[in-house]
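Accompanying notes for the structure given below.
In my numbering, the protein residues as written are 4 to 515.
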């Protein structure tokens with residue numbers, strides 16, 4: 004059953020969405036064409052509104068709060084495999100597809116020509132030889148820690164401003180950009196034999212001391228990024244660079260299954276309720292469905308589906324052609340003639356270097372990486388931290404819970420009460436966190452609210468506690484202190500907190 008699109012004309016004041024004339028509203032024809040949806044009944048909608056209402060009693064955990072992914076939740080393992088488990092409600096038969104998808108996610112690709120025909124086609128320019136090399140143990144990447152450390156789980160996006168007439172007419176407020184004429188949209192720091200890599204990522208830091216009300220001093224590091232040792236000549240003089248580390252992979256299928264209407268209902272771009280928060284949806288072009296769709300994935304919500312996010316990563320990160328991005332040269336530009344003329348791995352029965360079946364398996368794997376259960380949700384300090392989190396206003400962006408669509412063919416994600424702590428919207432985070440590079444409707448100061456589930460297991464899984472889009476924050480407290488823009492008042496409230504309240508807040512976050 005193909006779902007009809009939802010015509011959404013909404014203006015949100017507080018938690019109540021009301022219809023407004025189109026001239027004063029957000030007007031998009033945005034549905035969920037990638038999902039086979041069973042419509043909700045009025046009774047279900049009322050139950051959902053009740054179960055997702057913000058908590059007001061902090062003496063005990065919210066019902067089902069210990070299972071952040073609903074029935075898809077899994078036991079929290081005590082080792083680095085905590086983010087690598089299949090959905091808790093996956094069938095025995097589908098576990099095989101999950102394992103095969105995991106194999107493709109971990110596969111090391113090789114350059115062409117090669118006798119290993121099913122694995123050739125790497126590059127010629129690339130950032131990593133496999134998905135797993137960036138998303139280490141399905142967790143977060145990190146910036147280089149020493150001068151000798153490579154940036155294998157971090158890279159630079161690049162684009163240049165485009166003239167206004169290049170804007171996408173189908174998407175309101177679209178900010179047009181163009182690829183750098185030499186380096187494309189992504190800088191690759193590795194190349195196969197006989198080719199030059201595009202650059203070396205160079206980072207320098209300056210430290211700033213922030214004093215908290217209780218006398219605690221926290222060092223924040225301000226990064227400066229440079230594309231050094233350019234292999235193909237200078238960047239365009241107006242090139243805009245944006246550093247990105249690989250995000251964690253858990254719960255993606257559940258985020259994809261949140262109804263677009265529920266996400267858009269949280270948008271308040273003109274801050275009509277005067278709370279200082281003005282979340283906006285990103286709206287992007289779907290290569291898969293040839294239409295505008297709600298952006299959900301990526302640090303600026305620049306991709307609408309897991310399939311497109313995965314296909315873009317294969318093309319850009321590994322140089323592997325696929326049905327959505329079929330160029331055999333991957334991200335190479337016409338200015339890189341040697342790369343364009345190289346032998347690629349798409350000349351056999353696959354058609355592209357990874358075929359549709361392979362992409363479906365990787366997408367299934369990515370969709371079903373499970374969220375671990377909460378730890379200590381009923382702990383007294385954690386409950387105190389939860390109250391601090393709510394009363395400080397953190398839930399204005401980090402929306403605690405949603406209920407996913409009823410889905411005909413995705414039982415793992417169907418009608419689950421989930422606790423991702425994200426509104427999936429764009430927020431202006433202030434100049435200190437700005438990359439000054441727009442993406443679709445996202446400005447250079449806007450970022451999508453990241454999900455918080457699993458954040459307390461970051462060090463266990465990834466071996467570090469680096470956060471934010473570029474890993475500059477070395478702790479959860481540092482990450483909070485970088486908040487600005489719409490979150491400035493929440494950040495300032497943390498600065499003024501008592502030691503007990505701040506410690507409880509961190510304990511709550513570490514329990515997620």
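All C-beta atoms in this analysis are idealised placements derived from N, C-alpha and C, irrespective of residue type, glycine included.
Quick one: Cα of residue i to Cα of residue j, how far?
| i | j | result |
| --- | --- | --- |
| residue 3 | residue 286 | Since the displayed the chain opens at 4 and closes at 515, residue 3 lies outside it and no answer follows. |
| residue 501 | residue 296 | 44 Å |
| residue 396 | residue 454 | 16 Å |
| residue 385 | residue 69 | 12 Å |
| residue 506 | residue 388 | 8 Å |
| residue 66 | residue 96 | 31 Å |
| residue 359 | residue 406 | 30 Å |
| residue 437 | residue 489 | 13 Å |
| residue 469 | residue 46 | 43 Å |
| residue 513 | residue 303 | 24 Å |
| residue 207 | residue 73 | 42 Å |
| residue 400 | residue 93 | 30 Å |
| residue 335 | residue 445 | 25 Å |
| residue 496 | residue 394 | 10 Å |
| residue 410 | residue 35 | 11 Å |
| residue 113 | residue 274 | 51 Å |
| residue 499 | residue 60 | 24 Å |
| residue 226 | residue 213 | 16 Å |
| residue 27 | residue 349 | With a pLDDT of 29 at residue 27, under the threshold of 50, the modelled position of that residue is not reliable, and the figure given next carries that caveat. Looking at the two C-alpha atoms, the distance is approximately 50 Å. |
| residue 439 | residue 190 | 17 Å |
| residue 331 | residue 398 | 44 Å |
| residue 456 | residue 515 | 5 Å |
| residue 464 | residue 149 | 20 Å |
| residue 417 | residue 90 | 12 Å |
| residue 54 | residue 169 | 44 Å |
| residue 392 | residue 452 | 15 Å |
| residue 471 | residue 491 | 16 Å |
| residue 146 | residue 342 | 27 Å |
| residue 98 | residue 241 | 48 Å |
| residue 460 | residue 85 | 8 Å |
Please state if the CB of residue j and the CB of residue i are separated by a distance shorter than 9 Å.
| i | j | result |
| --- | --- | --- |
| residue 484 | residue 283 | no |
| residue 205 | residue 230 | yes |
| residue 467 | residue 109 | no |
| residue 424 | residue 441 | no |
| residue 164 | residue 180 | yes |
| residue 311 | residue 173 | no |
| residue 443 | residue 305 | yes |
| residue 381 | residue 63 | yes |
| residue 323 | residue 249 | no |
| residue 356 | residue 325 | yes |
| residue 408 | residue 266 | no |
| residue 300 | residue 257 | no |
| residue 376 | residue 77 | yes |
| residue 195 | residue 111 | no |
| residue 374 | residue 75 | yes |
Could you name the residues that DSSP lists as bridge partners for residue i?
| i | result |
| --- | --- |
| residue 142 | None; residue 142 has no bridge partner. |
| residue 211 | 223 |
| residue 229 | 205 |
| residue 375 | 77 |
| residue 420 | 406 |
| residue 306 | 300 |
| residue 189 | 160 |
| residue 89 | 372 |
| residue 129 | 193 |
Residue range of the alpha helix (DSSP H) that residue i falls in?
| i | result |
| --- | --- |
| residue 297 | Note, residue 297: premise wrong, no alpha helix (DSSP H); beta strand (DSSP E) at 294-297. |
| residue 287 | Element bounds for residue 287: not the alpha helix (DSSP H) but the beta strand (DSSP E), 286-289. |
| residue 362 | 359-370 |
| residue 265 | 263-267 |
| residue 96 | 95-109 |
| residue 310 | 309-316 |
| residue 54 | 45-54 |
| residue 256 | 255-259 |
| residue 388 | 383-394 |
| residue 483 | 479-484 |
| residue 470 | That residue, residue 470, is in no alpha helix (DSSP H); it is neither H nor E in DSSP. |
| residue 511 | 502-514 |
| residue 494 | 491-499 |
| residue 340 | 340-343 |
| residue 137 | 134-137 |
So the beta strand (DSSP E) residue i belongs to, where does it begin and stop?
| i | result |
| --- | --- |
| residue 159 | 157-164 |
| residue 245 | 243-248 |
| residue 431 | 429-431 |
| residue 451 | 449-451 |
Chain B beta carbons: is any one of them nearer than 9 Å to that of residue i?
| i | result |
| --- | --- |
| residue 234 | No chain B appears in this structure, which consists of one protein chain only. |
Three or more C-beta pairs under 8 Å: does that hold for the segment 153-165 against the segment 128-144? yes
Between the segment 473-480 and the segment 99-114, are three or more C-beta pairs nearer than 8 Å? no
Touching or not, the segment 362-376 and the segment 212-228, by the rule of three or more beta carbon pairs under 8 Å? no
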